[in-house]
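Residue numbering for the sequence shown follows our numbering, beginning at 1 and increasing consecutively.
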Amino acid sequence: MTTTLKPTTATGVVIRRPGPLALALRQGRLEITQFLRSRESVVFTMGFPVIMILIFAAIFDGEIAPGVSFPQYFITGMIATGLMTVSFQNLGIWIPIERDRGVLKRYRGTPMPKWVYFAGKVIMVVVVGIAETALLLAVSVALFDLKLPGTVTKWLTFGWVSVLGITACTLCGIAISSLARTARSGSAVVTPVALVLQCTSGVFFVFTQLPSWMQQVAALFPLKWMCQGLRSVFLPGTFGGQEPGGSYELGRVALVLAVWCVVGLLLCLGTFRWTTRRDG
1 MTTTLKPTTA TGVVIRRPGP LALALRQGRL EITQFLRSRE SVVFTMGFPV
51 IMILIFAAIF DGEIAPGVSF PQYFITGMIA TGLMTVSFQN LGIWIPIERD
101 RGVLKRYRGT PMPKWVYFAG KVIMVVVVGI AETALLLAVS VALFDLKLPG
151 TVTKWLTFGW VSVLGITACT LCGIAISSLA RTARSGSAVV TPVALVLQCT
201 SGVFFVFTQL PSWMQQVAAL FPLKWMCQGL RSVFLPGTFG GQEPGGSYEL
251 GRVALVLAVW CVVGLLLCLG TFRWTTRRDG
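Structure follows, in structure tokens:
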């Protein structure tokens with residue numbers, strides 16, 4: 001018969017180990033604190049989408065369809081790209097920095113379950129993503145007369161498109177972080193990918209005005225479908241006829257984003273590294 005001894009202090013007080021939820025919340029709090037302490041990340045992540053809205057809305061005006069102005073169209077794309085920035089771009093840049101500094105190696109050597117590290121990243125992404133989206137909506141409603149969803153159905157669509165989109169982008173951000181050989185190369189690897197996706201997915205330009213081959217390439221990636229799903233929330237239902245498929249195709253939006261969640265998870269499991277290549 002064996003006896004399990006509980007860890008105690010020198011005075012004999014039993015130490016209670018935190019449960020899984022408490023561990024995840026602590027790690028999430030740590031990740032959020034580290035994010036807020038990095039002024040560059042805060043300014044870029046929170047400020048970039050707002051600045052781009054102000055610039056593009058000042059340059060381009062007029063309607064692209066009856067009842068749909070260019071600023072309104074552009075805002076939906078910036079909400080999607082804001083979610084991609086806080087998840088895919090931030091994680092793809094910061095994880096290589098932590099790997100290069102040996103932070104991941106030290107995490108791996110502790111008794112803390114490995115999933116807690118990723119749970120902390122997810123919590124940070126969700127919290128910052130919600131804050132950023134709320135900021136974008138507030139600016140858009142105040143300055144550009146963006147109409148918030150008027151039905152429960154549209155709010156639900158907004159919710160599941162955002163959840164699936166940010167999940168896919170988070171997993172892909174973790175996966176692409178393994179391509180960077182050093183901390184300095186993280187931005188060089190991730191930023192061009194993000195910019196190409198933004199330019200081809202209907203963020204900066206009206207999607208149907210892009211060359212057909214570019215539309216087909218963009219349709220392979222999640223950002224295009226995030227933008228399309230959000231357009232169904234904030235733009236009139238009649239504008240769906242202007243989409244390449246003749247409607248907003250919400251079923252296809254859900255399918256593609258769900259597939260990318262699975263693909264991203266498989267890539268994470270197959271490629272993620274806790275140490276740099278020079279560590280072996």
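Each residue gets a CB set at the ideal place from its N, CA and C atoms; glycine is no exception.
Next item on the list: Please name the residue in Gly47, Leu23 and Glu98 whose C-alpha comes closest to that of Phe272.
Entry: Minimum Cα-Cα distance from Phe272 among the listed residues Gly47, Leu23 and Glu98 corresponds to Glu98.
Note to self: Run through the DSSP bridge pairs and tell me what Ser69 is partnered with.
What the structure shows: Paired residue(s): Glu63.
Checklist line | Continuous alpha helix (DSSP H) stretch holding Gly47: start and end | finding: From DSSP, Gly47 is part of no alpha helix (DSSP H); its letter is neither H nor E.
Check: Any idea if Met124 is buried or exposed, counting beta-carbon neighbours within 10 angstroms, 16 or more meaning buried?
Finding: Looking at its Cβ environment, which holds 16 or more other Cβ atoms inside 10 Å, Met124 is buried.
Notebook entry, point to check: Between Thr2 and Pro113, what straight-line distance do the alpha-carbon atoms span, to the nearest angstrom?
Noted result: With a pLDDT of only 47 at Thr2, under 50, the local geometry of the prediction cannot be trusted, and no value is derived from it.
Note to self: Contact defined as beta carbons within less than 8 angstroms: I believe Pro236 pairs with Val68. What is the distance between those atoms, to the nearest angstrom?
What the structure shows: Yes, they are in contact, since the Cβ atoms of Pro236 and Val68 sit about 7 angstroms apart, within 8 angstroms.
Next item on the list: Answer yes or no: do Pro222 and Ala142 have a C-beta to C-beta separation smaller than 8 angstroms?
Entry: By the CB criterion at 8 angstroms, Pro222 and Ala142 fall outside the cutoff.
Checklist line | Under the three-state DSSP convention, the category Glu308 falls into | finding: There is simply no residue 308 to check, as the chain begins at 1 and stops at 280 in what is shown.
Check: Is there contact between the segment 149-168 and the segment 56-63, where contact requires at least three CB pairs shorter than 8 angstroms?
Finding: By the Cβ criterion, the segment 149-168 is not in contact with the segment 56-63, since fewer than three pairs of Cβ atoms, one from each stretch, lie closer than 8 angstroms.
Note to self: Suppose contacts are defined by Cβ-Cβ distances below 8 angstroms. Is Ala218 in contact with Thr200 by that definition?
What the structure shows: Going by beta carbons, Ala218 and Thr200 fall inside the 8 angstroms limit.
Checklist line | Anticipated Cβ contact below 8 angstroms, Ala183 with Pro96, distance rounded | finding: Going by Cβ atoms, the distance from Ala183 to Pro96 rounds to 5 angstroms, so yes, they are a contact pair.
Notebook entry, point to check: Is the beta carbon of Leu297 less than 8 angstroms from the beta carbon of Thr81?
Noted result: Outside the modelled stretch of the chain, which goes from 1 to 280, sits residue 297, for which no answer is possible.
Margin query: Suppose contacts are defined by Cβ-Cβ distances below 8 angstroms. Is Ser87 in contact with Gly159 by that definition?
Written below: Ser87 places its beta carbon 8 angstroms or farther from that of Gly159.
Check: Within the chosen definition, does the segment 101-112 reach the segment 243-257 through at least 3 CB pairs nearer than 8 angstroms?
Finding: Cβ pair count under 8 angstroms is below three, so no.
Checklist line | Entirely enclosed beta strand (DSSP E) segments - the segment 136-178, minimum 3 residues | finding: Qualifying beta strand (DSSP E) stretches: none in this window.
Check: For Leu220, which three-state DSSP category applies?
Finding: Assignment of Leu220 by DSSP, reduced to helix, strand and coil, places it in the coil class.
Note to self: Less than 8 angstroms between C-beta atoms, sequence neighbours within five positions excluded: which residues of the same chain meet that for Ala131?
What the structure shows: Counting only Cβ-Cβ distances below 8 angstroms, and skipping sequence neighbours, we find Met46.
Check: Do the CB positions of Gly92 and Gly245 come within less than 8 angstroms of each other?
Finding: Against a cut-off of 8 angstroms, the Cβ pair of Gly245 and Gly92 comes out as no contact.
Note to self: Could you tell me the alpha carbon to alpha carbon distance between Trp225 and Cys268, rounded to whole angstroms?
What the structure shows: The straight-line gap from Cα to Cα measures roughly 22 angstroms.
Next item on the list: Might you give, ordered along the chain, the residues of its own chain that have their beta carbon closer than 7 angstroms to the beta carbon of Val262, omitting 5 neighbours on each side?
Entry: The answer is none, since no qualifying residue turns up.
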